[in-house]
Amino acid sequence: MIRALIARIRQGHRTMPYPAAPLQMPERFRGYPVVSSLERAAEEKDEASPCPYGAYTAEGGGCLDMGKCLFCAECSAGTVEFTTDYQLAVTRRDHLMVGPGADRRHASPLPPDLLRMFGRSLKFREVSAGGCNACEADTNVLSTIGWDLGRFGIQFVASPRHADGLWVTGPVTENMHQALLTTYEAIPAPKIVVACGACAINGGPYLDSPRVLNGVDSLIPVDLYIPGCPPNPATILDGLLRILDKLK
Amino acid sequence: MNNSLHPLYNGLAIPFAGIPQADAGQFLQTILDAIDRGRRIVSYFGIPGQDAVTLVCVLADKSEGRLGVTRTAAGGGHFPSLANLCPQAQLFEREIAEQCGLIFDDHPWFKPVRFHRPFTPGRDAWNRPAGEPIPVGVMDYFQVEGPEVHEVAVGPVHAGIIEPGHFRFQCHGEEVFHLEISHGYQHRGIEADLFGGPHPRTLHHMETLAGDTTIGHGQAYCMAVEALAGLKVTPRGEVLRGIALELERLANHTGDLGAIAGDVGYLPTSSFCGRIRGDFLNMTAVLCGSRFGRGLLTPGGTVFDLTQGQRDDLLRRLAEARRDLTGAIDLLWNTPSVMGRLEGTGTVSLEMALELGMVGPAARASGIKRDVRHGYPFGIFRMTHLPVATAFHGDVCARTMIRWQEAQKSMDFIDEQLRQLPSGDHRVTTSPLAAGQLVVAMTEGWRGEICHVAITDDLGRFARYKVVDPSFHNWPGLAMALRGQQISDFPLCNKSFNLSYCGFDL
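Protein chains in written order, with the working numbering: chain H, 626 to 873; chain F, -9 to 496.
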């Protein structure tokens, strides 16, 4: 016992001060795109090597779909550059489209009736439907002491019957289609759905593969889209705090 | 070596036509003889053809870091099964049947592995009609009968944030007589997509074969392409890859150590490790911006270099993480209630591990000295040799201890490599792939041996690309570890293996 107490003192208090203090993202983190680089890419459009996922199109002076984008280190569509801005989550699919003149969008709070119900206690049942275990891992990490998701009243629970929402990762494989729908149906209404990661939003690296269904919103309505492959925990938490109106 | 076993080495391409084509009897005898002499199956797969399925088997020869490959043509839709004589062939044969429609006669467990359509439409080993859906997880499970015997079914959706799989326990009271595991829920059709590659999406598929093993699988793919394109990666590129591979091992081993502590209800180590795992992931993010190493590797080297400032930052972070991790893990060995739960739980004997062809920390915990970094060295591990840690009890405790010992050695390795980073370029430009070649690329991921086999056609495109995740060898090991255990020990045993669902399902 005494050893455990000494170890606890040595480890110290490690829950990060966020959201009271800002987060420090890694120098090479790829977040919100540099809009001027989208326009530049449109001008220097290289037909030979388009984005293999169609995330970038030159139309309208350059448009990036953050729902399809994998935030590659070397963008094959040209000179698309990324900032370290991790606040990418949105509540509408079309808000993931970034281009010249498009507004900077963030997730908006839930409607007042849902906010009243879930604002102080929101429980999710997670379903991995073809995920590669990266989105799953960085969702899990939010429950560790560093992020301490519980302090915001958010928790992942074992049974859909105990949940207020469904948390989906993965492109929805044919073989998980039924299990995903059954889990959704088992959650009592009203309920919300979160698509976490490029796969759950639009199929990610498996877009249009014959064995996957290109994400979850073709099956059930989605209330929060969290882009990234996988999303950084900071991106996930930003989305959650915004729908609960806890980020001022 | 037997005549029909053609020698080759990890990461070196050979002409595919140079591998003598054995007849069926010779092919099977070669495999059996090799197993008898202590070799094992690294990869065994089919290439669907017009009239026959070409079967290719890669065997590991532990002496001199040598591999052996043999091939045959299986016509007529049937082929003899080895599974009764050689259990490690069991899953490989079912996989070939499912992909290529070849029926293995006298296979004791002839049922689907991933529940998908065959590569060639119409060639279905179970004659499932083409128009009807294939219900996943519906198969003839092994069942125990008798008074007081009951069956427990778990999954595909589990209690935690984990991937889907289906488990059937045959229990007598609390005791598990038998466990059968059914997969396929995460099947994304990656191998089918790889025909005719490499495609613009291929590297992304490799990085997400098992997302927690991005570097392990990514490096195996890069090695295969480099061998086919005749590229020589620079020393700096190899060192950066080696550092990333060991960071991946550290993050996952740390997470597992914490999760094992959590599963026995010991919260201090569980809480500490959950956070420290993030420290290692963030170190990978220093290298490339992604906590999982996405975008770091590319055929020819690494996309990113490491600046002096980043190197110093990594060294500082590593020292802090080492101090914190050591403190967290030391608690385990000094807490009798933890040791009482770990010791003697979920034992896999050395004989069983050998018979199943297990790999990675799970094999080493049962006393098998088997590590690709040591046995078939690749990249920087040709120059720097990491000691291989083994244990002999084969229980949860041994698998826990192995992880901690490996974590320590990985930290030593990263520290040493960061201090002596070679100068020069980190990347060379790529060139087209050679035609008509076969290459076996193996790396030691944190779960164990990763094996990619690429075969190119006349135009230098993939005629077949085969991936074997370490989980493919080890899932049967978990099933055996549960025999005679309390069913309540399943989460702990499962965590001590921590195998991949998506890496298995592909």
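Even glycine gets a Cβ: it sits at the ideal position worked out from N, Cα and C.
Values in this document were obtained by computation on a predicted structure and should not be read as measured data.
The DSSP assignment places 80 to 90 as complete runs of the alpha helix (DSSP H) inside the segment 61 to 119 of chain F, in order along the chain (cut-off: 4 residues).
Under the DSSP assignment, F/Asp51 falls in the beta strand (DSSP E) whose first and last residues are 42 to 51. In this structure, the CA atom of F/His383 is about 8 angstroms from the CA atom of F/Gly334.
Using a Cβ-Cβ cut-off of 7 angstroms, F/Arg331 does not count as an interface residue toward chain H, since no Cβ of chain H sits closer than that to its own. Residue-level contact check: F/Tyr211 does not touch chain H, since none of the beta carbons of chain H fall below 7 angstroms from its beta carbon.
Per DSSP, the continuous alpha helix (DSSP H) segment holding F/Arg306 begins and ends at 298 to 323. With contacts defined as CB atoms closer than 7 angstroms, F/Thr198 and H/Pro830 qualify as a contacting pair.
When only Cα atoms are considered, F/Thr203 and H/Val797 end up about 21 angstroms apart. Here the segment 442 to 460 of chain F makes no contact with the segment 140 to 153 of chain F; the two share fewer than three CB pairs at distances below 8 angstroms. Within chain H, the C-beta atoms nearer than 9 angstroms to that of F/Cys492 come from Ser753, Gly755, Gly756, Cys757, Asn758, Gly795, in chain order. Exposure of F/Gly414 is indicated by the presence of fewer than 16 other C-beta atoms within 10 angstroms of its C-beta. Residue pairing by DSSP places F/Tyr(-1) opposite F/Arg56 in a beta bridge. Using a Cβ-Cβ cut-off of 7 angstroms, H/Phe654 counts as an interface residue toward chain F, since at least one Cβ of chain F sits closer than that to its own. Shortest Cα-Cα distance from F/Leu296 to any of F/Thr259, F/Gln160, F/Gln410, F/Leu247 involves F/Gln410. Taking all protein chains shown into account, F/Gly136 has fewer than 16 neighbouring C-beta atoms within 10 Å of its C-beta and is therefore exposed. In chain F, no part has a C-beta under 7 angstroms from the C-beta of H/Ser662; the shortest such distance is about 16 angstroms. Inclusion of F/Phe262 and F/Leu240 in the CB contact set at 7 angstroms is not warranted, their separation being larger than that value. Using a Cβ-Cβ cut-off of 7 angstroms, H/Pro677 counts as an interface residue toward chain F, since at least one Cβ of chain F sits closer than that to its own.
Of the residues F/Cys47, F/Ser400, F/Thr259, the one whose Cα lies closest to the Cα of F/Glu83 is F/Cys47. Taking each of H/Met626, H/Val847, H/Arg628, H/Phe654 in turn and checking the Cα distance to H/Thr860, the smallest one comes out for H/Phe654. Contact between H/Val723 and H/Leu689 holds: their C-beta atoms lie close to 5 angstroms from each other, under 8 angstroms. In the DSSP assignment, F/Gln19 falls within the alpha helix (DSSP H) that extends over 14 to 26. Rounded to the nearest angstrom, the Cβ distance from F/Thr292 to F/Arg417 is 6 angstroms, consistent with a contact under 8 angstroms. Comparing alpha carbon positions, the residue from H/Thr640, H/Ala759, H/Cys694, H/Ala683 closest to F/Phe282 is H/Ala759. Using a Cβ distance threshold of 7 angstroms, F/Ala431 and F/Ala200 do not count as a contacting pair. At a cut-off of 7 angstroms between beta-carbon atoms, F/Cys278 makes contact with chain H.
Secondary structure of H/Met801 (DSSP, three-state): helix. Per DSSP, the beta-bridge partners of F/Glu141 are F/Gln160. Annotation: the continuous alpha helix (DSSP H) that includes F/Ser400 extends over 386 to 409. Under the rule that a run must span 4 or more residues, the alpha helix (DSSP H) segments found entirely inside the segment 158 to 206 of chain F read 180 to 184, 192 to 197. Cβ neighbours of H/Val782 within its own chain (closer than 8 angstroms, five residues either side excluded): Lys748, Phe749, Arg750, Ala788.
In the three-state reduction of the DSSP assignment, H/Leu630 falls in the helix class. The DSSP-derived three-state label of F/Ile370 is helix.
By the neighbour-count criterion, in which a residue is buried when 16 or more other Cβ atoms sit within 10 angstroms of its Cβ, F/Asp459 is buried. Spanning the alpha carbons of H/Thr808 and F/His207 requires a straight line of approximately 32 angstroms. Cβ neighbours of F/Ala7 within its own chain (closer than 8 angstroms, five residues either side excluded): Gly426.
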